[in-house]
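K.L.:
Dropping a structure here in C-alpha cells format, bear with me for questions.
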Amino acid sequence: MSFPRLLSVLLVLLTAFSSGAQPAPARPAPGKPLTVYFFDVGQGDAALIVSPTGKTVLIDGGPPEAGEHLASRIKQLVHAPLDLVILTHPHLDHLGSLRDALQAVGAKRFMDPGFDHPSEAYRNLLEFVGKEVDQVMTPEPNPQAPDTFLTVGLGEGVVLTVYWPRFPREPFLKNTRSDANSNSIVTRLTYGKTAFFFTGDSEKDTEEALLRQRTDFTSTVLKVAHHGGKHSSTKEFLEAVKPKAAVISCSHDNEYGHPTAEALERLSAVGAKVFRTDLNGEVQAVSDGVNVTLQAEKGSRSKLTVPGEVKPLGSSSSPAPAAAPTPKPTGGAAATQPPNKPGGETVQTGYKPPVSAPAPAPAPNKAQAPAPSAGQKFVSLKGSAVFHREDCGTLKRAKTKERTVYTSRATAARERRPAEDCKP
Ligand SMILES: [Zn+2]
Ligand SMILES: [Zn+2]
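For the sequence shown, the positions run -21 to -1, 1 to 403 when mature numbering (1 follows the signal peptide of the UniProt record, and there is no 0) is used.
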C-alpha cells in the first residue's frame, strides 16, 4: 500500500538568545513567553506550543469527537499555518481530530514516527497530509551526525529535541505491549532553565530506551505518558525527568481507568503536582525561561508557578549532544552553528531544504557534508514495488497521478526496490 509521503530529516537551528549579561544560563528576553496549551480534548492528547517568536507546533490532535473544539481553539490561537504538526503515534485518540486542526489553519510540516500501522484512520490522515502539507517527515537522525538528536529551533533559544524514535539509527521497539505506543515520538522543549517533556503514549520499553541515551531529561513540566496509564511513568524514568508539574490528558470516567493509581502515586513520589484535563479542563503553561506558571481552566488547582532547574543546552557533558552544533543548509550542504548564537531561524533537511524554509543564514563554521542525494527526489507509482529518480521518463509516461515522493533514497529503499530503468 502506498501512502503519499515525503520523508526527510528536519534539523533546525536557533536564534537569538538575548543574553542577559549573566554567566550561563543565558536568560531569555523578558516579556517573551513560551506557552504550551494542553487542550481539553477528552480521552486523547493535543498540545500546542507557541514560541516567543510565534512559531507553532501542534503535538497530537485528540480523538475524532474533539474536532470542533480543537479547530476552534487553534483558530483563536494561531493565525498562520502551523510550523510543525507532530503525530506522536498512529492511534485514534491522538490523530482523530488532526484533520480538523489542519483544515483550520494549515500546516507547513508534518512529522510522525514512520512506524507502519494498518488503521484506516491513519491511512486517510496520511493521504490528506500528503496532499495538504508541504513536507512530511519522520524523526530520522541526521545522517551526517547520527549520534546526535534531531532538534527543531523555535526562536529565542527555544529548542524542541526529538529523543525517540531514532529509526534507522536504532530499530523501532518491537514485541512490546503496544509497539505503536512504544514508538511514540518523544520530545523535550527547552527554554532557558525551563523544559517540557512530551511523551505521547510511550511505555516502559520506551522509557528504558530513553534512559540508555544517558542524556539530561530534567524537565519542569511533564506531559504524562499514555493518559496516566500504569505501563508508563516508571520510577526510574520519573526520577530522571524530575518534573515539578505533570499534565495528564484524559476524559472524565473513561473506560480505561486513566489515570491509574499506580501512575499517580509514582508522580507524587517525585513531587510532581498533577494537572488533569478531566478535572482541570484546558491547562496553559507559560514559561519566561526561568519559571513556568500553569493555569487551569477549572478545578481546585487553578494556578501554580514552578521554578525551572534545567541546565542550559550545551552545558552538559552528555554523550549524545542534544542541540549542540546542529547542521544547517548552505546550498545543499550542511554546516553547523552553536545553538545560542543570534541569527535567523533556519530549517534544514539532511537532503534538501524544504520549500518553505527560511533562507539560510551564513554558516560561520565547519562540517561541510553534502548528502550524496542532495536535492534529488525519488518517486513510486501507486501499487508499484519499485522507485525511480524523479526525472525518470517512466514517470512522465505513467498514466496514474497517484505517486509517493521520497526526499531521501534511504527512505525509498526501505519500502521499494530501485527501478531497473533509471537505477536510482
Ligand atoms: Zn496510543
Ligand atoms: Zn493515547
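Cβ coordinates follow ideal geometry from the N, Cα and C atoms, glycine included.
What does the alpha-carbon distance come out to for the pair Tyr16 and Met90?
P.N.:
Distance between the alpha carbons of Tyr16 and Met90 is about 19 Å.
K.L.:
If you measure between the beta carbons of Lys87 and Pro60, is that distance less than 8 Å?
P.N.:
yes
K.L.:
Is the beta carbon of Asp180 within less than 7 Å of some heavy atom of ligand 1?
P.N.:
Yes, Cβ of Asp180 sits closer than 7 Å to a heavy atom of ligand 1.
K.L.:
At what residues does the alpha helix (DSSP H) containing Val108 begin and finish?
P.N.:
Glu99 to Glu111
K.L.:
Drop a sphere of 10 angstroms on the beta-carbon of Val289, count the other beta-carbons inside from all chains shown, and report buried for 16 or more, exposed for fewer.
P.N.:
buried
K.L.:
Over the uninterrupted beta strand (DSSP E) stretch that includes Gln263, give me the two end residues.
P.N.:
Val262 to Ser266
K.L.:
Taking 7 Å as the cut-off, is the C-beta of His206 nearer than that to any heavy atom in ligand 2?
P.N.:
yes
K.L.:
Just reading off the beta strand (DSSP E) that Phe176 is part of, what are its end residues?
P.N.:
The continuous beta strand (DSSP E) containing Phe176 extends over residues Thr173 to Phe177.
K.L.:
Quick check: Ala188 and Leu152, are their CB atoms within less than 8 Å of each other?
P.N.:
yes
K.L.:
Over what stretch of residues does the beta strand (DSSP E) that includes Thr185 continue unbroken?
P.N.:
That residue, Thr185, is in no beta strand (DSSP E); its alpha helix (DSSP H) goes Lys183 to Arg191.
K.L.:
Evaluate Asp24 with the Cβ neighbour count: other Cβ atoms within 10 Å of its Cβ, from every protein chain shown; 16 or more gives buried, anything less gives exposed.
P.N.:
buried
K.L.:
As a quick exercise: from Lys402, Ser387, Pro403 and Lys380, pick the residue whose alpha carbon is nearest that of Lys110.
P.N.:
Lys380
K.L.:
Ala248: buried (16+ other C-beta within 10 angstroms of its C-beta) or exposed?
P.N.:
exposed
K.L.:
I think Val141 touches Ile164, with their Cβ atoms under 8 Å apart; what is that distance to the nearest whole Å?
P.N.:
6 Å
K.L.:
Is Gly23 near ligand 2 - that is, is its Cβ less than 7 Å away from at least one heavy atom of it?
P.N.:
yes
K.L.:
On the DSSP bridge assignment, give the partners of Arg145 in chain order.
P.N.:
The partner list for Arg145 (beta bridge, DSSP) is empty, contrary to what the question assumes.
K.L.:
On the criterion of 16 or more Cβ atoms from any shown chain inside 10 Å, does Ser98 qualify as buried, or is it exposed?
P.N.:
exposed
K.L.:
Between Thr185 and Trp143, how many whole angstroms is the CB-CB distance? I'm expecting something under 8 Å.
P.N.:
6 Å
K.L.:
Is any heavy atom of ligand 1 found at a distance shorter than 7 Å from the C-beta of Asn162?
P.N.:
no
K.L.:
Could you tell me whether any non-hydrogen atom of ligand 2 is closer than 7 Å to the CB of Asp158?
P.N.:
no
K.L.:
Give me, in chain order, the residues of the same chain whose beta-carbon lies closer than 6 Å to that of Val57; leave out the 5 immediate sequence neighbours on both sides.
P.N.:
Setting aside the 5 residues that flank it on each side, Val57 is surrounded in the same chain by Thr35 and Val84, each with a C-beta closer than 6 Å to its C-beta; the list follows chain order.
K.L.:
Under the criterion of a Cβ to heavy atom distance below 7 Å, does His70 qualify as lining ligand 2?
P.N.:
yes
K.L.:
Just how far apart, CA to CA, sit Ala389 and Arg395?
P.N.:
10 Å
K.L.:
Name the DSSP beta bridge partners of Leu168, please?
P.N.:
Leu139 and Phe175
K.L.:
Which residues in the same chain as Ala224 place their Cβ atom closer than 8 Å to its Cβ, once the five residues preceding and following it in sequence are excluded?
P.N.:
Thr199, Val200, Leu201, Ala251, Lys252, Val253, Phe254, Ala264, Val271, Leu273, Leu283 and Val285
K.L.:
Let's see if you can read the secondary structure: which residues bound the beta strand (DSSP E) around His367?
P.N.:
Per DSSP, the continuous beta strand (DSSP E) segment holding His367 begins and ends at Val365 to Arg368.
K.L.:
Measuring only from the beta carbon, is His48 closer than 7 Å to any heavy atom that is part of ligand 2?
P.N.:
no
K.L.:
Identify which residue in His237, Cys371 and Thr383 has its Cα closest to the Cα of residue 404.
P.N.:
With the chain running from -21 to 403 in the structure shown, residue 404 is simply not present.
K.L.:
Considering just the uninterrupted stretch of the beta strand (DSSP E) at Thr35, what are its terminal residues?
P.N.:
Thr35 to Ile38
K.L.:
From the DSSP output, in three-state form, read off Ala124 for me.
P.N.:
coil
K.L.:
Going by C-alpha to C-alpha distance, which of Ser212, Arg52 and Val220 sits closest to Glu261?
P.N.:
Arg52
K.L.:
What separation, rounded to the nearest whole angstrom, lies between the Cα atoms of Lys11 and Ala174?
P.N.:
15 Å
K.L.:
Count the other C-beta atoms from every protein chain shown that fall within 10 angstroms of the C-beta of His231, then say buried if there are 16 or more, exposed otherwise.
P.N.:
By the Cβ-count criterion, His231 is exposed, with fewer than 16 other Cβ atoms from all chains shown falling within 10 Å of its own Cβ.
K.L.:
Just the C-alpha distance for Gly75 and Pro291, rounded to the nearest angstrom, thanks.
P.N.:
36 Å
K.L.:
Can you list, in chain order, the residues of its chain whose CB lies under 6 Å from that of Phe196, leaving out five sequence neighbours each side?
P.N.:
Ala219 and Val220
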